[in-house]
Amino acid sequence: MHEHTPESEELREKVWRYAKYRLDLQPVPLDGPVSFEQLAANGRGTITEAGIGGDAALEVFRDVFAPASISVDHPGYLAFIPSAATEAASVFDMVVSASSLYGGTWLEGSGAVFCENQVLEWLAAEVGLPTGAGGTFVQGGTIGNLSALVAARENAIYELTQAGEPLPARWSFVCSVEAHSSLAHAARVMGCDIIKVPVDDGGRLRGAAVEATVDDWTNVFAVVATAGTTNFGIVDDLRGVGEVAHRHGAWYHVDGAYGIAGMLSPAHRHLYDGVEIADSFIVDPHKWLYAPYDACALIYRDPAQGRRAHTQHGEYLDAVTSTPDWNPSDYAIHLTRRARGLPFWFSLATYGVKAYRETIAYNIAVAQAFADVIRERPYVQLVREPELSIVVWERIGWDQADYQRWSDMLIEKQIALVTPSSHQGRVNTRVAILNPQTSLELLTQILDTMAD
Ligand SMILES: Cc1ncc(COP(=O)(O)O)c(C=O)c1O
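Here the working numbering is used: the first residue of the sequence shown is 66, the next is one more, and so on.
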């Protein structure tokens, strides 16, 4: 299995050729889900004592499993939050695998860790956090939010303990009703309560609403604002919310998993005023920073707080945890870790920050232009004015079944993946425009299919 032989070399060439073929596809196929029965009929029995051989495994992947897995980089993949990695990021992802890197400790991966940290440093500076801010890349926004909230609670416990004060029997944190589901999940995992605050008519959480909703702050360890909500792409009043959090001694976390990338567009930077007072924030390069799955940058204003919360101790780990070295494992809920920030680092280093600013601004411009088209059509209406690159609208007169039939038709015809969504009990649909190849023409074509 580990020897280099002429056969292994031949297989390696074939796999590389396949990877190159996939990277070269222009356009990529959208593909789509296939029934379990069909997959079972065509793709079962690949795991055997003797092995089916690389050729057969590659063939079944290419012919059966790949077409049954949607290409998230297709310009028509517009549901949920798409991912459209740059070419440099995608190819470098293969280098990360080929190099057998370990990204958990300085001892084992100082070069990779230094590289990742340059990206974190740049992100922290863009957001306006002071020098010294830092953290680590984790798998995704869900783990990023959870890790930040765990650090926030640990910090509250630490401060109360230092002051000799009693700890609450049960903790809570605050976020808006529009916050991502990962926050409710974090509360469940942490065994704490969540206080949900209403948003204003524009979908924005404001400091005054937090102040009006929370009447007892004794159990509150954190307030979370969202910089780009998942449903609508709305940026909360980051300064107002943060100031209220700090006035009451709570940690201020900003969930920018999708939307912090929007602040790279110079014309939209003002929307993020106040983000620089955050105690922690996250942003997912696998969302709107054109990196492949999976990578979330988790950054603390004071990394020592993250480290105190997350360092694991064990005899076999003493060699790394007893040193002052920077070990990414110490900053989140993980230990073994892939150096998952490297594909993004390579892409950023290759193309430069300006290219990112321009591409993100372009995505927003396409979203705004699409909203204009929706406004002109009598059979559709915007649910909310788009702020970043997410557009949500209703087809007048349609019910859930109509949306579902339409969505099925789009995928059946290999045009797009756009799914039904809802807001306050009313069904609608939404697109998240994160792919630079998603054009206004394609979006208009999709809208045309709603006409009859
Ligand atoms: C605002 C926000 N936070 C958190 C998440 C969770 O991120 P992940 O899916 O990477 O866990 C998402 C995902 O869409 C999101 O939009």
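Cβ atoms here follow ideal geometry from the backbone N, Cα and C, with glycine treated the same way.
Assumed close pair residue i, residue j - CB separation to whole angstroms, cut-off 8 Å
| i | j | result |
| --- | --- | --- |
| I347 | A189 | Not really, about 12 Å apart at Cβ, beyond 8 Å. |
| R449 | G268 | 6 Å |
| I222 | A397 | Not confirmed; about 18 Å, so no contact. |
| D96 | P132 | 5 Å |
| V41 | L143 | Because the chain spans 66 through 517 in this model, residue 41 falls outside it and cannot be assessed. |
| R402 | L194 | No, R402 and L194 are not in contact; Cβ-Cβ is about 22 Å, not under 8 Å. |
| P520 | Q469 | In the structure as shown, the chain starts at 66 and stops at 517, and residue 520 therefore has no counterpart that could be examined. |
| Y421 | A153 | At roughly 12 Å, the Cβ-Cβ gap does not stay under 8 Å, so Y421 and A153 are not in contact. |
| L88 | S155 | 6 Å |
| F157 | E181 | At roughly 13 Å, the Cβ-Cβ gap does not stay under 8 Å, so F157 and E181 are not in contact. |
| V184 | W410 | 5 Å |
| P357 | S148 | 7 Å |
| V438 | T509 | 6 Å |
| E191 | M328 | 7 Å |
| P92 | A198 | The pair is not a contact, with the Cβ atoms about 40 Å apart (cut-off 8 Å). |
| Y355 | A481 | Rounded, the Cβ-Cβ distance is 20 Å, inconsistent with contact. |
| V26 | A315 | Limits of the chain in this structure are 66 at one end and 517 at the other, which puts residue 26 out of reach. |
| D301 | A290 | 4 Å |
| D76 | G116 | The residue asked about is misnamed: residue 76 is Leu in this sequence, not Asp. In fact, because the Cβ distance is near 12 Å, the residues do not count as touching under 8 Å. |
Bridge partner(s) assigned by DSSP for residue i
| i | result |
| --- | --- |
| P485 | T494 |
| F238 | I259, A287 |
| A362 | F202, V348 |
| Y142 | L482 |
| V445 | R460 |
Range of the contiguous alpha helix (DSSP H) that encloses residue i
| i | result |
| --- | --- |
| D383 | 383–386 |
| Y416 | 407–416 |
| M66 | Where M66 is concerned, there is no enclosing alpha helix (DSSP H), given that its DSSP letter is neither H nor E. |
| L507 | 505–513 |
| H375 | 368–375 |
| E149 | In the sequence on display, residue 149 carries Ala and not Glu. Segment: none, A149 is in no alpha helix (DSSP H) and carries neither H nor E. |
| Y86 | 71–89 |
| N392 | First-last for N392: undefined, no H or E at that position. |
| G119 | 119–125 |
| N107 | 101–108 |
Any C-beta of chain D under 8 Å from that of residue i
| i | result |
| --- | --- |
| Y468 | Chain labels in this structure do not include chain D; a single protein chain is all it has. |
Which parts of the segment 447–473 are runs of the beta strand (DSSP E), unbroken and 3 residues or longer, counting only runs that do not cross its ends?
-> 455–460
Residue ranges of each beta strand (DSSP E) within the segment 277–335, 3 or longer = 285–291, 316–320
Segments of 4+ residues assigned as alpha helix (DSSP H) that fall wholly inside the segment 188–236 = 206–227
Does the count of Cβ pairs from the segment 292–306 and the segment 452–462 closer than 8 Å reach three?
-> yes
Is the segment 307–323 close to the segment 468–478, with three or more CB pairs under 8 Å?
-> As far as the Cβ criterion goes, the segment 307–323 does not touch the segment 468–478, which means the pair count is below three.
Is it a yes or a no for the segment 247–258 touching the segment 427–444, going by three-plus beta-carbon pairs under 8 Å?
-> Two segments are said to touch when three or more pairs of C-beta atoms, one from each, lie closer than 8 Å; by this definition the segment 247–258 does not touch the segment 427–444.
The segment 135–150 contacting the segment 496–503, beta-carbon criterion three pairs below 8 Å | Yes, the segment 135–150 touches the segment 496–503.
Contact the segment 154–169 vs the segment 332–344: 3+ CB pairs below 8 Å | no
Please confirm if the segment 200–216 is in contact with the segment 347–357, defined as three or more CB-CB distances below 8 Å between the two stretches.
-> yes
At least three beta-carbon pairs within less than 8 Å, the segment 273–290 to the segment 227–245 = In short, these stretches touch, since the Cβ pair count reaches three.
The segment 170–181 in contact with the segment 377–395 per 3-pair CB rule at 8 Å = yes
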